[in-house]
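This report concerns only the one structure given below.
Numbering (my numbering), first residue to last: -8 to 532.
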């Protein structure tokens, strides 16, 4: 009997290939059709934007990692102080907040009418904070990436054996010697992977630069692509920008493949190894100041989002049909994208395991390697590139804006596949290794196996992956910014429109609603992932 598992994997791989490859082919054809006009778009303006894209990503990475090292060390040195677990959970919130919501929180603190401006006014200073431009982009990127870098560095330091600290205590090592001989080698081993991850996130940042860039002098390639298509409809310019963005992304990923990866990228909080050394009073005070500064930097924008949202007229907003339509549209499109992401990821996971179990100890063939790496295809080609390619291609046949629901669901599903694949694969591989032979001996297959064997194992990781994928889709602005119109409006798109028309109170209220929806989904995913981690530990034990 021929198994349908490889066919399902082939179909999932074909969908991702057509989605990404079709966009790339469209850009190549359009560039060739443009002739000299297309090559004329590769001018000084384009290279200036490319330089700024690299500059802001490099500065954001340096600031995020540079501040994360002392913060992670301070949290690692004091594993038992009250509130430590709360701080680490707070540091997970920026990862759950949509970029547009976090931007409003940043402006509520550092903007012209924010908390910092009010403090300057109270002190009698005439300085007016300017959040727009490179400064605002860096603040927002550090807000997102400092907690991520801190958690990853702290997890890597948790891997230091406890015997090392016993030995340092017995030898009477000083603080500088402990840092140089024990902590720094571990940090150095992981810092390249962490910095590379953050650099990649910043170089493909869209929403932060769109809202805080402040004009042509602070524009990245992705924002310039959106402006070329949405405002100028300059196809030659959009194609040249997209090709440069694609080449830049591939080059960065190629360089990052040579570096290491962070040791921990999961949801759960790990227990810090017991320390036997006693920090000096000076070190304790310095660590306390570092932790307090990091806490305030992350907590204030989140608090600002809540306060600004509650100050808005939520009753009036929730009474508007356009708001409810945007909420329902976001939920429907988000749920559809999450369901499609799960179907693609599960097909890839099942096909990969089936092919691996059939080849035994032989080397994996081309199709198996393609299925295994297909989940990461969206990382090579960013969503804005895919959206731009299909926007340019579809205009020859239909109205591109009529494709908004399909493009939002397809691109957001592909964007969530790498995360869903990582959640589903360990559970499926473990279950298959335990049950395949027994099911074959008992003749359990098809629907009976799915109902009796596979579903009880898969239902929790499937729900975790669904919640995570839906949260990503709810907060996405990139694809809907290209294809959105008055008939298809998601909550982030409506929020962007209210910001563009200077209805700041409405925007704050919508940001609170969107943030709460995404946080609820991420909390569900976090708790489910924690349960999965405990189950894996119990199984290993």
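For every residue, glycine included, the Cβ atom is placed at its ideal position computed from N, Cα and C.
Can you tell me which of 463, 85, 409, 201 puts its alpha carbon nearest to the alpha carbon of residue 142? The candidate whose alpha carbon is nearest that of residue 142 is 85.
Could you round the C-beta distance between residue 407 and residue 460 to whole angstroms and report it? I think they count as a contact, below 8 angstroms. Contact between residue 407 and residue 460 is confirmed by a C-beta separation of about 4 angstroms, below the 8 angstroms threshold.
Helix, strand or coil: how does DSSP classify residue 253 here? The predicted position of residue 253 is uncertain, since its pLDDT is 49 and thus under 50; a value taken from the coordinates is nonetheless stated next. The answer is coil: DSSP assigns residue 253 none of H, G, I, E or B.
Taking only three categories from DSSP, how would you classify residue 117? In this structure, residue 117 counts as coil in the three-state DSSP scheme.
Where does residue 112 sit, in a helix, a strand or coil, going by DSSP? Residue 112 falls in the helix class under three-state DSSP.
Is the Cβ-Cβ distance between residue 336 and residue 431 less than 7 angstroms? Cβ distance not < 7 angstroms, so residue 336 and residue 431 don't count as in contact.
Comparing alpha-carbon positions, which option in 17, 297, 330, 287 lies nearest residue 107? Comparing Cα-Cα distances from residue 107 to each of 17, 297, 330, 287, the minimum goes to 287.
Measure from the alpha carbon of residue 349 to the alpha carbon of each residue in 463, 97, 162, 424, then state which is nearest. With distances taken between CA atoms, residue 349 lies nearest to 424 out of 463, 97, 162, 424.
Under a three-way DSSP split, which group does residue 184 fall into? Residue 184: helix per DSSP, three-state reduction.
Quick test of your reading: residue 333 and residue 441, contact by CB under 8 angstroms. State the CB separation rounded to the nearest angstrom. In this structure, residue 333 and residue 441 do not form a Cβ contact; the two beta carbons are roughly 15 angstroms apart against a cut-off of 8 angstroms.
Rounded to the nearest angstrom, what separates residue 433 and residue -2 at their Cα positions? Straight-line spacing of the CA atoms in residue 433 and residue -2 works out to 25 angstroms.
How about residue 472 and residue 217: do their beta carbons lie closer than 7 angstroms? Note that the C-beta distance between residue 472 and residue 217 is below 7 angstroms.
Given that a residue counts as buried once 16 or more other Cβ atoms are within 10 Å of its Cβ, and exposed if not, what is residue 206? Per the 10 Å Cβ criterion, exposed.
Would you decide whether residue 144 is buried or exposed? Buried here means 16 or more other CB atoms lie within 10 Å of its CB. The residue is buried, with at least 16 neighbouring Cβ atoms inside 10 Å.
C-beta contact flag for residue 300 and residue 458 at 7 angstroms: No. Outside cutoff.
What does the Cβ neighbour count give for residue 93, buried or exposed, with the cut at 16 atoms within 10 Å? With 16 or more other Cβ atoms within 10 Å, it is buried.
Coil, strand or helix - residue 480 by DSSP: Judged by DSSP in its simplified three-state form, residue 480 adopts coil rather than helix or strand.
DSSP-derived helix/strand/coil call for residue 263: At residue 263, the pLDDT of 47 sits below 50, so the modelled position is not reliable; the number obtained from the coordinates is stated separately. Here residue 263 sits in coil by DSSP.
With distances taken between CB atoms, is the gap from residue 508 to residue 463 smaller than 7 angstroms? No, they are not a contact pair.
Below 8 angstroms, how does it come out for the segment 303 to 322 and the segment 494 to 501: are there three or more Cβ pairs, yes or no? Because the criterion of three Cβ pairs below 8 angstroms is met, the segment 303 to 322 and the segment 494 to 501 touch.
Inspect the beta-carbon positions of residue 214 and residue 234 and report whether they are closer than 7 angstroms. In this structure, residue 234 does not lie closer than 7 angstroms to residue 214 by Cβ.
Nearest-angstrom beta carbon gap, residue 403 and residue 445 [assumed within contact, 8 angstroms]: For a cut-off of 8 angstroms, the C-beta gap from residue 445 to residue 403 is around 26 angstroms, too long to register as a contact.
Do you know how far the Cα of residue 369 is from the Cα of residue 11? C-alpha separation (whole angstroms): 7 angstroms.
Give me, in chain order, the residues of the same chain whose beta-carbon lies closer than 7 angstroms to that of residue 329; leave out the 5 immediate sequence neighbours on both sides. Scanning its chain for C-beta atoms nearer than 7 angstroms, with the 5 sequence neighbours on each side dropped, one finds around residue 329 the residues 407, 457, 460, 461, 464, in chain order.
Just to confirm, is the Cβ distance from residue 470 to residue 378 under 7 angstroms? Yes; because the gap between Cβ atoms is below 7 angstroms, this pair is in contact.
What separation, rounded to the nearest whole angstrom, lies between the Cα atoms of residue 320 and residue 210? It is roughly 30 angstroms from the alpha-carbon of residue 320 to the alpha-carbon of residue 210.
Just to confirm the assignment, what range does the alpha helix (DSSP H) spanning residue 420 have? 395 to 433 is the extent of the alpha helix (DSSP H) around residue 420.
Option nearest residue 49 by Cα separation, candidates 189, 322, 99, 17: Of the listed residues, the one whose Cα sits closest to residue 49 is 189.
Separation of residue 69 from residue 297, as counted between CA atoms: Approximately 30 angstroms, taken between the alpha carbons.
Which first and last residues belong to the alpha helix (DSSP H) in which residue 325 is found? Run containing residue 325: 312 to 350, per the alpha helix (DSSP H) assignment.
Between residue 224 and residue 382, what straight-line distance do the alpha-carbon atoms span, to the nearest angstrom? Residue 382 has its alpha-carbon roughly 11 angstroms from the corresponding atom of residue 224.
In this structure, how does DSSP classify residue 132 when only helix, strand and coil are distinguished? DSSP, reduced to helix, strand and coil, places residue 132 within a helical segment of the structure shown.
With three or more C-beta pairs closer than 8 angstroms as the rule, is the segment 176 to 194 touching the segment 18 to 25? In short, these stretches do not touch, since the Cβ pair count stays below three.
Three-state class that DSSP yields for residue 104 in the structure shown: In this structure, residue 104 counts as coil in the three-state DSSP scheme.
Whose C-alpha, out of 97, 240, 366, 115, is nearest the C-alpha of residue 121? Nearest C-alpha to residue 121: 97.
Would you say the segment 170 to 190 touches the segment 146 to 158, given that touching needs at least three Cβ pairs under 8 angstroms? A contact is defined here as three or more CB-CB pairs under 8 angstroms, and the segment 170 to 190 meets this definition with respect to the segment 146 to 158.
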